[in-house]
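Trainee: Structure in C-alpha cells, see below.
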Amino acid sequence: MSARSCSPGWERAFDSKMKDTADEALVRRVAGGDERAFLELYDRYSRPVYATGVRLLGDAQLAEELVQDAFTSVWQAAESFESERARFSTWLYRIARNRAVDLDRRRRVRPLSVGEDPLRTVAGGPEPEAGVDGWDLARALSRIPDEHREVLTLAYFEGLSQREISRRTGVPLGTIKSRTTAAMKRLHRIMTRPLDEETQHE
Amino acid sequence: MSEDRFGDLLGPYVLGELTPKEERELERHLEACSSCWDELRAVWGIHNALREAAASEPPPELRARTLARAKGESSSTALSRLRWTVWVPMAAALLVAAVLGFGLLRSIIYDPSDGVPLTATALAPEAGGEVRGEVVGENLQVELEVWGMPELRENEYYEMWYYAEDGSRISCGTFRTGPGGRTTVNLSAPASARSYPEIEVTREPDDGNPAANGDEVLRGSLVQL
Ligand SMILES: [Zn+2]
Numbered sequence: 001m002s003a004r005s006c007s008p009g010w011e012r013a014f015d016s017k018m019k020d021t022a023d024e025a026l027v028r029r030v031a032g033g034d035e036r037a038f039l040e041l042y043d044r045y046s047r048p049v050y051a052t053g054v055r056l057l058g059d060a061q062l063a064e065e066l067v068q069d070a071f072t073s074v075w076q077a078a079e080s081f082e083s084e085r086a087r088f089s090t091w092l093y094r095i096a097r098n099r100a101v102d103l104d105r106r107r108r109v110r111p112l113s114v115g116e117d118p119l120r121t122v123a124g125g126p127e128p129e130a131g132v133d134g135w136d137l138a139r140a141l142s143r144i145p146d147e148h149r150e151v152l153t154l155a156y157f158e159g160l161s162q163r164e165i166s167r168r169t170g171v172p173l174g175t176i177k178s179r180t181t182a183a184m185k186r187l188h189r190i191m192t193r194p195l196d197e198e199t200q201h202e
Numbered sequence: 001m002s003e004d005r006f007g008d009l010l011g012p013y014v015l016g017e018l019t020p021k022e023e024r025e026l027e028r029h030l031e032a033c034s035s036c037w038d039e040l041r042a043v044w045g046i047h048n049a050l051r052e053a054a055a056s057e058p059p060p061e062l063r064a065r066t067l068a069r070a071k072g073e074s075s076s077t078a079l080s081r082l083r084w085t086v087w088v089p090m091a092a093a094l095l096v097a098a099v100l101g102f103g104l105l106r107s108i109i110y111d112p113s114d115g116v117p118l119t120a121t122a123l124a125p126e127a128g129g130e131v132r133g134e135v136v137g138e139n140l141q142v143e144l145e146v147w148g149m150p151e152l153r154e155n156e157y158y159e160m161w162y163y164a165e166d167g168s169r170i171s172c173g174t175f176r177t178g179p180g181g182r183t184t185v186n187l188s189a190p191a192s193a194r195s196y197p198e199i200e201v202t203r204e205p206d207d208g209n210p211a212a213n214g215d216e217v218l219r220g221s222l223v224q225l
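Respectively, the protein sequence lines represent chains A and B.
Under the numbering used here, the first residue of the first sequence carries the number 1, and numbering increases by one thereafter.
Under the numbering used here, the first residue of the second sequence carries the number 1, and numbering increases by one thereafter.
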C-alpha cells in the first residue's frame, strides 16, 4: 500500500548524466516535456528563487508561491527560451522578479498585516550578476563537475559529515576531504573570474 | 605532511571536520604559509555562501507540488479538458455499503459539475474544503480549496489522499496553508485514483516517511448514500 505515486520529491533519482548537463540543455529537454530535466533545474535553482522571494516579499508563504509560479513559467515557456540570448539563470531571475511583482500586487489588494512591508524594490531590482540571493552560487554549482557538486551538496544541503559522505558514496575519506576542498576552490574560481572567460571554458 | 596535503585540508577545516591533530598541524602551517592563507580566505567565502544558501532552502515537499502544478497548468492549456466524472466501480461501492452495514446505496454517480465537499474532523471543527477534479491524460488533476485549517508547525505539511476502506491509498500531493488556514492548490494523482471512494487530508510530520502517518483533518466521500 501507500504508493506515493505523485510525489517524486521523496526519491531523488540520481541521474549522473542529467547532473552533468548544462542548464541550457536541460531547458531544451523541459521544452520536450522531460520531468527529470525540470526537477534537476528545480534542484539547482529553487534555493535562489526562494531566497529572492523571502527577500523581496518578506514572507515565507509567498516565497513558496513564487517558487511554484516561477518554475511553472519555466515549464510553460521553456520552448521560447533562447540560449543564445541569455543564460538560464538570468532568464529565470527575470521570471522570478516579474512573478514577485505580480504576487506583491495581488497582496496589496488586501490590507497589509502588522510587520508586513509593501514591496518597493522589485521593479528595479538587482540583476543576478550582482550576486544577490545565491544566484551566482547556484549557477556556479551547476558548472562544476558532478563529483564536486555531489560532495558539496551532501555536506551543505544534506548536512552529512565527511565520514558519512565517504560511506554514502563509497569513496575513501581522504579523497572526500581533498575533493571537498578542490570543489570549493573551483567554485571560488568560477565565481570570481570574468564572465567572458567563463564562457570560453564551456 | 607535504605542502599539497595541507592545501587539501582547507575544506574540512572550515567545516570543522579535521581531527584535532590535523587541525593543529594545519594551523601551524598556516602561520608560515601565505599561499595557503590566501586559499583559506577563498574557501571561507565559499563556505559562507553555501551555508547561506542552505539556510534558504524551500520546504522539501514544495518540489513535488511545483512539478504537479507545472504539469497541471500546462496540460490544461494544451489538452482538451475532459470533465471529471467520478465513478466508483461497483465492487468498491458495494464494499462501502457492506462496511457501513446497510444497503441504502442510492447513487454512486457523482455530479461532475459539483465539487466534493470536505468536512471537518474533531481535530479542527472549523475547517472545511472542496475538491474538484478532472482527468487529463494519465492524470487526475485536482483543485483543492481549504479553509480554517489549523496552523502547521514548521516541519509539518498537509497531504491529500484518495483511499479505500481496505487501507490502500494514493497520495495526491502536499501543501501548506496561508492566513486563516486557507489556500487553493492544484494537485495531481494517477487517473486510477478515481476508483478510490474516499478522500482525506492529513497533517503529516516532515519525518521523511512518505506513508500516511499523520492525523486526519478533513474527509470527504465520493460515494453518495
Ligand atoms: Zn601552504
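Backbone N, C-alpha and C define an ideal beta-carbon position, used for all residues, glycine too.
1) Please state if the CB of Val146 (chain B) and the CB of Tyr163 (chain B) are separated by a distance shorter than 9 Å.
2) Residues of the segment 74-88 of chain A in Cβ contact with chain B at a cutoff of 8 Å, in chain order, please.
3) Got a sec, what are the start and stop residues for the beta strand (DSSP E) Cys172 (chain B) sits in?
4) For the beta strand (DSSP E) holding Glu159 (chain B), just list the boundary residues, first then last.
5) Just to confirm, are Ser56 (chain B) and Val54 (chain A) a CB contact at a threshold of 9 Å?
6) Between Glu22 (chain B) and Thr66 (chain B), what straight-line distance do the alpha-carbon atoms span, to the nearest angstrom?
7) Hey, is Ser178 (chain A) close to ligand 1, as in C-beta under 8 Å from one of its heavy atoms?
8) Considering only heavy atoms of ligand 1, does any lie closer than 8 Å to the CB of Ser35 (chain B)?
9) 9 Å is my cut-off, CB to CB: does Arg63 (chain B) come that close to chain A?
10) Between Gly11 (chain B) and ligand 1, is there a pair consisting of the residue's CB and a ligand heavy atom that are separated by less than 8 Å?
11) Should Gly7 (chain B) be listed as close to ligand 1, given that the test is whether its C-beta is under 8 Å from any heavy atom?
12) Using a Cβ-Cβ cutoff of 7 Å, what residues of the segment 33-49 of chain A are near chain B? List them in chain order.
13) Taking Cβ-Cβ distances below 8 Å as the criterion, which residues of the segment 38-61 of chain B are in contact with chain A?
14) Checking contacts by CB at 9 Å: is Ala70 (chain B) closer than that to chain A?
15) Using a Cβ-based criterion (distance less than 8 Å to any ligand heavy atom), does His255 (chain B) qualify as near ligand 1?
16) Is DSSP giving Glu147 (chain A) helix, strand or coil here?
17) Does Thr66 (chain B) get closer than 9 Å to chain A when you measure Cβ to Cβ?
18) Identify, in the order they occur along the chain, each residue of the same chain with its Cβ nearer than 6 Å to the Cβ of Met149 (chain B), setting aside the five sequence neighbours on each side.
19) For Ser80 (chain A), count the other beta carbons within 10 Å of its own beta carbon; 16 or more makes it buried, fewer makes it exposed. Which is it?
20) From which residue to which residue does the alpha helix (DSSP H) around Glu39 (chain B) run?
21) Can you tell me whether Thr192 (chain A) is buried or exposed, with buried defined as 16 or more other CB within 10 angstroms of its CB?
22) For chain B, check one thing: does any of its Cβ atoms lie closer than 9 Å to the Cβ of Ser161 (chain A)?
23) Which residues mark the beginning and the end of the alpha helix (DSSP H) in which Asp215 (chain B) is found?
24) Could you tell me which chain A residues have their CB closer than 7 Å to the CB of Asp215 (chain B), listed as they occur along the chain?
25) In angstroms with no decimal places, state the Cα-to-Cα distance between Asn155 (chain B) and Ala32 (chain B).
26) Would you report the Cα separation of Thr19 (chain B) and Ile144 (chain A), rounded to the nearest angstrom?
27) May I ask you to report which of helix, strand or coil DSSP gives Gly33 (chain A)?
28) Exposed or buried, which one is Ser80 (chain B) when buried takes at least 16 other CB atoms within 10 Å?
29) By the DSSP assignment, the beta strand (DSSP E) with Pro205 (chain B) in it spans what residues?
30) Starting from Leu184 (chain B), trace the beta strand (DSSP E) in both directions and tell me its first and last residue.
31) Taking C-alpha atoms, which residue in B:Glu198, B:Pro179, B:Leu62, B:Pro58 lies nearest to Val116 (chain B)?
32) Compare the beta carbon distance of His148 (chain A) and Leu187 (chain A) with 9 Å and say whether it is the shorter of the two.
33) Going by beta-carbon coordinates alone, are Asn213 (chain B) and Val142 (chain B) separated by less than 9 Å?
34) So, for Pro48 (chain A): in the same chain, excluding its five sequence neighbours on each side, which residues have a beta-carbon less than 6 Å away from its beta-carbon?
Mentor: By the coordinates alone:
1) no
2) Val74, Trp75, Gln76
3) 169-175
4) 156-163
5) yes
6) 44 Å
7) no
8) yes
9) yes
10) no
11) yes
12) Glu35, Phe38, Leu39, Tyr42, Ser46, Arg47
13) Glu39, Ala42, Val43, Gly45, Ile46, His47, Ala49, Leu50, Arg51, Glu52, Ala53, Ala54, Ser56, Glu57, Pro58, Pro59, Pro60, Glu61
14) yes
15) Chain B is shown from 1 up to 225; residue 255 (chain B) falls before or after that span and cannot be answered.
16) helix
17) yes
18) Ala127, Thr177, Gly181
19) exposed
20) 34-55
21) exposed
22) yes
23) Run containing Asp215 (chain B): none in the alpha helix (DSSP H); it sits in the beta strand (DSSP E), 215-221.
24) The premise fails here: Asp215 (chain B) is roughly 16 Å from chain A at the closest Cβ pair, so nothing lies under 7 Å.
25) 47 Å
26) 28 Å
27) coil
28) Low local confidence applies: a pLDDT of 31 at Ser80 (chain B) is under 50, so the model's placement there is unreliable, with the coordinate-based value given in what follows. Classification for Ser80 (chain B): exposed.
29) 198-205
30) Residue 184 (chain B) is actually Thr in this sequence, not Leu. Per DSSP, Thr184 (chain B) belongs to the beta strand (DSSP E) from 183-190.
31) B:Glu198
32) yes
33) no
34) Asp133, Gly134, Trp135, Ala138
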